[in-house]
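See structure below.
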Amino acid sequence: LLLMVALGLGGTSATRCPRPCVCDNLRAHVLCLNGNLTAIPDTIPQLTKKLDLRGNSFTVIPVGAFLDTLYLTHLDLQRCKVERLEEGAFRGLGRLVYLNLASNSIALLYQESLDGLSSLQQLILEGNHIEEIQPGAFGHLGSLTVLDLRANALVYLPDMVFQGLQVLRWLRLSHNALHVLGSEAFAALPSLRRLSLDHNELQALPGEALARLDGATRLDLGHNPITYVAEEALAMASLKHLFLDHAALQDVAPDAFSRSPQLRTLDLRENQLRGLPPLAGAGGLARVSLAGNPLLCSCLLRPFHDWLVRAQVQAEGSCTAPPALRGRPLDSLRPPEMRCGHPQMPLSPTVPSEQPRADSSGQCPRGCTCSPDFHHGSCENRDLREIPQGFPGDTRLLDLRRNVFGTVPPGAFPGLKELVSLHLQSCSIGVLQPGALRGLENLVYLYLTDNRLSTLAAAAFEGTPRLAYLDLDHNAFTRLPPGTFQLLPNLISLHLQHNAIRELEEGDLAGARGLRWLYLTGNTIRRIAPTALAPTKMLEKLHLEGNRLMEVPTSALRGLSALSELKLSRNPIKRVGDSAFLPVASSLQHLYLDNMGLEQISSGAFAGLGPKIRSLYLESNKMSNIPNMSNFTGLEILNLRDVPFHCNCQLLPLRRWIDKLNLHVGATCGSPAEARGLKVKLSTTFQTCPGWGQGEAGGARPEKTKAARKPSKKKRSGKSPARGFKKSRA
């Protein structure tokens with residue numbers, strides 16, 4: 003038995019062990035369990051390695067709370083009622099490898115909250131109230147291999163939120179409320195092998211974000227309300243195990259997994275699948291689990307069954323229908339048994355061949371399907387002229403896509419107070435009448451894509467105070483309907499892509515004070531009034547690509563202090579003038595200026611921008627030079643492809659700067675003739691320049707970027723990412 007003594011590990015006085023604690027000087031452990039402590043004891047022995055403080059009441063972990071215990075390797079702060087970690091709270095704990103902060107009340111991770119933990123390998127934050135992670139919060143955790151964020155209140159993940167976690171192997175995000183992931187959310191996780199996203203609110207497979215995870219081998223997406231997996235939805239080169247169990251899947255495209263060639267096991271248990279097509283491209287698949295699905299083993303399932311046999315794929319699951327085959331395992335069926343004795347409908351449960359499922363009370367509109375297990379209702383593609391009524395009161399997702407409603411009248415959805423997601427895409431809707439959504443007090447997602455709307459009245463959104471995601475892409479708007487968003491204080495994401503909007507006027511976005519993402523791609527916008535975006539002070543993403551802007555809308559960017567992503571691609575902007583991005587210089591991280599026919603960028607165009615810039619896209623333009631960017635020390639993606647650089651001595655500073663970057667930027671010479679087509683880094687035309695080989699002409703050499711300060715550990719794979727070029731691709 004170990005002798006537990008109340009003695010300090012570095013001294014002899016009994017006072018060295020705090021009164022409610024027990025100190026073990028043989029193992030250098032200190033336990034202060036459930037001691038009603040309200041502050042970190044200041045007499046903990048200095049040589050303590052493991053400190054267990056579970057079950058106390060600290061509320062706040064102040065700056066330098068552990069500066070007297072610099073030898074700690076394990077620290078447990080579970081159930082300590084912690085609400086806030088001050089910046090620098092763990093400073094000095096450079097030896098700590100394990101930190102457990104589970105079951106507290108932390109709501110926000112600040113940029114420096116975890117500063118000083120350079121050796122930390124496991125960070126447990128399960129069971130807190132974390133709603134937001136500030137950029138850079140994990141930037142000092144270069145040794146972390148496991149990050150546990152389960153059971154928090156995360157709703158979305160912004161781009162680069164996990165930057166700095168270069169050796170992270172397992173990211174656990176289960177049991178949150180995630181429904182939106184930034185396309186670059188996982189871009190900074192080169193070593194990740196396992197990602198857990200189960201038990202969230204994802205309604206579609208986040209393919210763009212997941213495509214950044216080249217090395218991940220296991221992906222957990224179960225228990226999400228995903229209804230469909232589209233063509234080539236998942237492009238994960240190393241993925242071997244995919245879990246999509248207990249979702250809401252009704253259909254899977256034949257080539258859904260064709261861009262994940264290493265996939266071995268596919269778990270589709272407990273969905274709403276009546277069958278599957280042959281899964282083209284999934285050549286390595288060895289096992290598919292379909293247990294708990296309402297499989298219709300008719301002739302329509304025969305192509306999938308034949309594919310299973312040819313590809314030698316093991317399948318789990320049994321037939322629900324027809325009655326003669328009910329309960330039969332898939333692997334016991336013979337093709338002649340899978341008959342169609344009468345004309346059959348498609349396998350998708352959205353157009354079922356059997357009677358629609360109803361909830362336990364039998365309540366479901368005629369011709370529709372209602373799932374009591376998932377609280378979903380669907381009348382997709384029924385050629386309906388009027389919105390059906392009579393869905394179960396606990397319905398949370400209602401899919402009415404591809405009908406012909408024309409108009410949504412007042413009170414169209416009675417008794418659906420629990421409805422969270424409403425799908426009205428492709429319904430020929432031209433009018434959303436005042437009060438149309440009345441009573442949908444819990445509605446979060448509203449999809450009105452591909453309709454005929456040209457205007458909206460604010461009263462149409464009466465009674466939907468929680469609406470956060472509004473999709474109006476592919477309609478007929480020629481301007482933003484002014485005042486429409488006054489009744490939507492919680493609106494986070496607004497999609498108005500591919501309409502015919504010509505300009506943004508003052509007052510168009512009045513009331514949208516919580517808006518974070520505004521998507522206006524593919525309109526005809528020529529002008530943005532200086533105050534048009536003023537109400538959206540929390541805006542983080544502004545997508546304006548594919549419009550008709552002739553200049554950067556600098557004046558309209560004033561006041562957008564949180565803007566991190568600006569897309570201006572495919573606008574006819576020929577010149578970028580001085581201080582074009584100065585209003586958002588303190589927050590901007592991702593800037594897209596590609597495919598514009600850009601001819602000139604002034605020397606002061608990037609004034610104010612610096613280390614915060616993570617990605618810059620300038621490809622497919624016409625300028626022959628670019629301004630000095632040596633202060634862009636945080637660059638991770640820089641794309642200069644298809645820019646006709648004039649490789650003379652004036653370009654020498656840029657050439658030297660590119661040499662120091664550990665990035666593949668794709669820059670080539672457009673002139674002079676002897677250098678045309680050569681990479682800027684390889685051109686010999688610079689060898690005649692004054693100062694060649696002696697540093698930058700006329701001044702100091704550019705400062706190295708973060709990428710340049712760290713040597714690349716990997717050889718270039720030869721496979722370029724979809725956008726730009728990433729760090730350590732020399």
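Take the sequence shown: its letter number 6 is residue 8 in our numbering, and every next letter is one higher.
Even glycine gets a Cβ: it sits at the ideal position worked out from N, Cα and C.
All values derive from a computational prediction rather than experimental measurement.
Query: Cβ contact check for the segment 65-82 and the segment 100-113: 3 or more pairs under 8 Å; Result: yes
Query: Range of the contiguous alpha helix (DSSP H) that encloses G209; Result: 209-212
Query: For K52, three-class secondary structure by DSSP; Result: strand
Query: Per-residue DSSP class, three states only, for L111; Result: strand
Query: For G379: DSSP bridge partner residues; Result: C372, L400
Query: Alpha-carbon to alpha-carbon, P296 and P112; Result: One detail in the question is off: residue 112 reads as Tyr in this sequence, not Pro. About 47 Å.
Query: Environment of S1 [buried if 16+ CB atoms lie within 10 Å]; Result: The chain is shown only over 3 to 732; residue 1 falls outside these bounds and no answer can be derived.
Query: DSSP-derived helix/strand/coil call for C342; Result: coil
Query: Beta bridge counterpart(s) of W309 as assigned by DSSP; Result: Partner(s): none; W309 has no beta bridge.
Query: Nearest neighbour of M631, chosen from C649, I389, S604, V645 [CA to CA]; Result: S604
Query: Pairwise C-alpha distance: G516 and N627; Result: 39 Å
Query: Spatial neighbours of V433 in its chain, beta-carbon cut-off 6 Å, leaving aside the 5 residues before and after; Result: T409
Query: Those residues which DSSP pairs with I530 across a bridge; Result: L506
Query: Length of the line joining the Cα atoms of I494 and Y521; Result: 11 Å
Query: Through-space distance from A669 to L244, alpha-carbon basis; Result: 38 Å
Query: Classification of N405 by the beta-carbon crowding that lies within 10 angstroms, buried from 16 upward; Result: buried
Query: E89 classed as buried or exposed, judged by whether at least 16 other C-beta atoms fall within 10 angstroms; Result: exposed
Query: Three-state secondary structure assigned by DSSP to I660; Result: helix
Query: At least three beta-carbon pairs within less than 8 Å, the segment 121-128 to the segment 144-153; Result: yes
Query: Sheet register partners of T670 (DSSP bridge); Result: P646, K681
Query: Simplified DSSP assignment, three categories, for T267; Result: strand
Query: Bridge partners - N102, DSSP secondary structure assignment; Result: D78, I126
Query: 8 Å contact criterion, which M540 and S571 should meet: CB distance rounded; Result: Going by Cβ atoms, the distance from M540 to S571 rounds to 24 Å, so no, they are not a contact pair.
Query: Rounded separation between Q123 and V446 - CA only; Result: 37 Å
Query: Cβ shell of F2 (< 6 Å), same chain only, five flanking positions each side left out; Result: The requested residue 2 is not part of the displayed model; the chain covers only 3 to 732.
Query: Reduced DSSP secondary structure (H/G/I, E/B, other) of R173; Result: According to the sequence displayed, residue 173 carries Leu and not Arg. Here L173 sits in strand by DSSP.
Query: CA-to-CA distance, G561 to L278, given in whole angstroms; Result: 51 Å
Query: Proximity of E553 and I530 at Cβ, strictly below 8 Å; Result: no
Query: Minimum C-alpha distance to A497 - residue among L143, V315, K543, C671; Result: For clarity, residue 497 is His in the given sequence; the question names Ala instead. Residue K543 is the option with its Cα nearest to H497.
Query: Cα-Cα separation, N106 to T45; Result: 24 Å
Query: In chain order, each beta strand (DSSP E) run of at least 3 residues that lies wholly inside the segment 528-590; Result: 543-545, 567-569
Query: Any 3 or more C-beta pairs closer than 8 Å across the segment 311-322 and the segment 285-292; Result: yes
Query: Residue of T466, L455, E567, Y471 minimising C-alpha distance to R481; Result: L455
Query: Beta-carbon gap between P367 and F393 smaller than 8 Å; Result: yes
Query: C-alpha distance - D396 paired with F463, whole-angstrom precision; Result: 21 Å
Query: CA-to-CA distance, R468 to K706, given in whole angstroms; Result: Here the model assigns K706 a pLDDT of 40, short of 50, so the residue's position is not dependable, and the following value carries that caveat. Going from the Cα of K706 to the Cα of R468 covers about 47 Å.
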